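J.:
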Amino acid sequence: MRVSIIGSGVIGMTVAHELATHGHEVTVISDRDHRASVSSVAAAIWFPYGVGRTDRVMAAAATTFQRLVALADDPATGVRMRSGTVLARTAAPDFSYISGVPVVSGVPDGASGVRCDLPLIVTGVYLGWLRKQLDDRGVRLESRSVSAIDDVTDADAVVVAAGLGSAALVGGDPGLHPVRGQVVRLANPGLTDFVLDDDNPAGLTYVVPRDEDIVCGGTDEPHSWDEHPHGDVEAAILARATALVPALRGLPVVSRAAGLRPARPHVRLELLPARPRPVVACYGHGGSGFTLSWGEAADVRRLLESPAIWPE
Ligand SMILES: Cc1cc2nc3c(=O)[nH]c(=O)nc-3n(C[C@H](O)[C@H](O)[C@H](O)COP(=O)(O)OP(=O)(O)OC[C@H]3O[C@@H](n4cnc5c(N)ncnc54)[C@H](O)[C@@H]3O)c2cc1C
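Right under this line is the structure:
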């Protein structure tokens, strides 16, 4: 079938990969290059954060985990397997949401949590790799803004994977809102272990060493549309991160960014009602777009290939 996908962030490009790999004729339409998408700001580690953890979403996370583990065998993909610590701040932490993830060993002395191996995605490398995979599969890319789904012609079906831009395309969605996240990236002298400290009373904190830099975060500010990083916020992030990982002290800043997570009480992956052709909504992945991407892509394909959604 001919499918047009609106959005070239991690969700739109992964759905395009899945559909093109299974023989469909795919076009991706986007008003921003992937390098300017929210996806390029992400840390990005496999971790179900800032998303409603339904059974379907957790199955998508598990599917994606397996796919990323396989991709990590090829350094060109930008996926790396990294060991690190997920800290816990409560007496009886619930780690069921990372069940299935190989636990390496205990946590450092004096801390509480779990030490495990997780896939880490070096976004600049990975999104470029994904884009190349689409080129290799004959996916067409159109650079333009879509103001209405009906403006997308020459397609048997449409997938709306436009992150925060999706609400305007589907006729409104009061639940979809931005959750602003700010990061600062430091030069990496050779650190490899990540630390995730979501429940830090001083604020969301994570330290994620990539190849050349270390992503330090973060913030989670609901309903802020501000895409500019701020100095006072950065200083607070660095203070929290350095308290966790003293080796960060004095490392040079190489870049900084802020992005808007497309948040929703629950991810929306469904067929829109009453349309002349199938239109699938796939958005609202909050802080887990990379974590869910391959599972979401498989679910979109299953839905589109289901005979029940096609008119007689
Ligand atoms: C600081 C930060 C850290 C994060 N860390 C992680 C992490 O560690 N792990 C993880 O899994 N996730 C993480 N995330 C979340 C992740 O980045 C998002 O869930 C993911 O990027 C959402 O992808 P998306 O493709 O839905 O949206 P986007 O990347 O926003 O892409 C949307 C696309 O739609 C296009 N578009 C929108 N409207 C229109 C229109 N009308 N016409 C044409 N094109 C349109 C845009 O140009 C863009 O290409 C983080 C996010 C932030 C901000």
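For the sequence shown, the residue numbers in this note's numbering are 96 to 407.
Don't be surprised by glycine CBs; every beta carbon is placed ideally from N, CA and C.
Note that the coordinates shown come from a computational prediction; the quantities given were computed from them, not determined experimentally.
Is residue 206 helix, strand or coil when you go by DSSP?
T.: Correct three-state label for residue 206: coil.
J.: Is residue 386 near ligand 1, judged by its Cβ being under 8 angstroms from some heavy atom?
T.: Under cutoff, so the answer is yes.
J.: What is the DSSP secondary structure of residue 120, reduced to helix, strand or coil?
T.: In this structure, residue 120 counts as strand in the three-state DSSP scheme.
J.: Do the CB positions of residue 276 and residue 357 come within less than 9 angstroms of each other?
T.: No, they are not a contact pair.
J.: Considering residue 261, what are the terminal residues of the alpha helix (DSSP H) in which it resides?
T.: Counting along the chain, the alpha helix (DSSP H) containing residue 261 begins and ends at 261-264.
J.: Heavy atom of ligand 1 less than 8 angstroms from the Cβ of residue 367, yes or no?
T.: Not so, every heavy atom of ligand 1 lies at least 8 angstroms from the Cβ.
J.: With distances taken Cα to Cα, identify the nearest neighbour of residue 221 among 134, 124, 269 and 298.
T.: The shortest Cα separation from residue 221 among 134, 124, 269 and 298 belongs to 134.
J.: Can you confirm whether the segment 140-159 touches the segment 238-255 when touching is taken to mean that 3 or more C-beta pairs between the two stretches lie within less than 8 angstroms?
T.: Too few Cβ pairs lie closer than 8 angstroms, so no.
J.: Enumerate in chain order the residues of its own chain whose CB-to-CB distance from residue 162 is below 6 angstroms, with the five nearest sequence positions on each side excluded.
T.: 389.
J.: For residue 113, count neighbouring Cβ atoms within 10 angstroms of its own Cβ and tell me buried if that reaches 16, exposed if not.
T.: Residue 113 should be labelled buried.
J.: So, for residue 239: in the same chain, excluding its five sequence neighbours on each side, which residues have a beta-carbon less than 7 angstroms away from its beta-carbon?
T.: Same-chain partners within the cutoff: 124 and 126.
J.: Helix, strand or coil for residue 56? Go by DSSP, reduced to three states.
T.: What the structure shows of the chain is the stretch from 96 to 407, and residue 56 is not part of that stretch, so it cannot be assessed.
J.: Where residue 308 and residue 190 are concerned, what is the direct C-alpha to C-alpha distance, given to the nearest angstrom?
T.: Roughly 28 angstroms between the two C-alpha positions.
J.: Just to confirm my understanding: we take residue 279, look at its own chain, exclude 5 residues before and 5 after, and list those with CB closer than 7 angstroms. What are they?
T.: Result list for residue 279: 311, 329, 332, 333, 348 and 351, in chain order.
J.: Can you determine whether any heavy atom of ligand 2 sits closer than 8 angstroms to the C-beta of residue 106, and answer yes or no?
T.: With respect to ligand 2, the structure offers nothing, as its ligand set consists of ligand 1.
J.: Apply the 10 Å Cβ neighbour rule to residue 394 and answer buried if 16 or more other Cβ atoms are within range, or exposed otherwise.
T.: Its Cβ being crowded by 16 or more others within 10 Å, residue 394 is buried.
J.: Which whole-angstrom value describes the C-beta separation of residue 305 and residue 115, a residue pair presumed to lie in contact below a C-beta threshold of 8 angstroms?
T.: Contact flag wrong, Cβ pair sits at about 28 angstroms.
J.: On the criterion of 16 or more Cβ atoms from any shown chain inside 10 Å, does residue 273 qualify as buried, or is it exposed?
T.: By the 10 Å Cβ count, residue 273 comes out buried.
J.: Hey, is the segment 368-387 in contact with the segment 334-346, meaning 3+ C-beta pairs nearer than 8 angstroms?
T.: No, the segment 368-387 does not touch the segment 334-346.
J.: With 16 other CB atoms within 10 Å as the buried threshold, where does residue 214 fall?
T.: It is buried - the Cβ of residue 214 has at least 16 other Cβ atoms within 10 Å.
J.: Between which two residues does the alpha helix (DSSP H) harbouring residue 395 extend?
T.: Where residue 395 is concerned, the enclosing alpha helix (DSSP H) stretches over 384-399.
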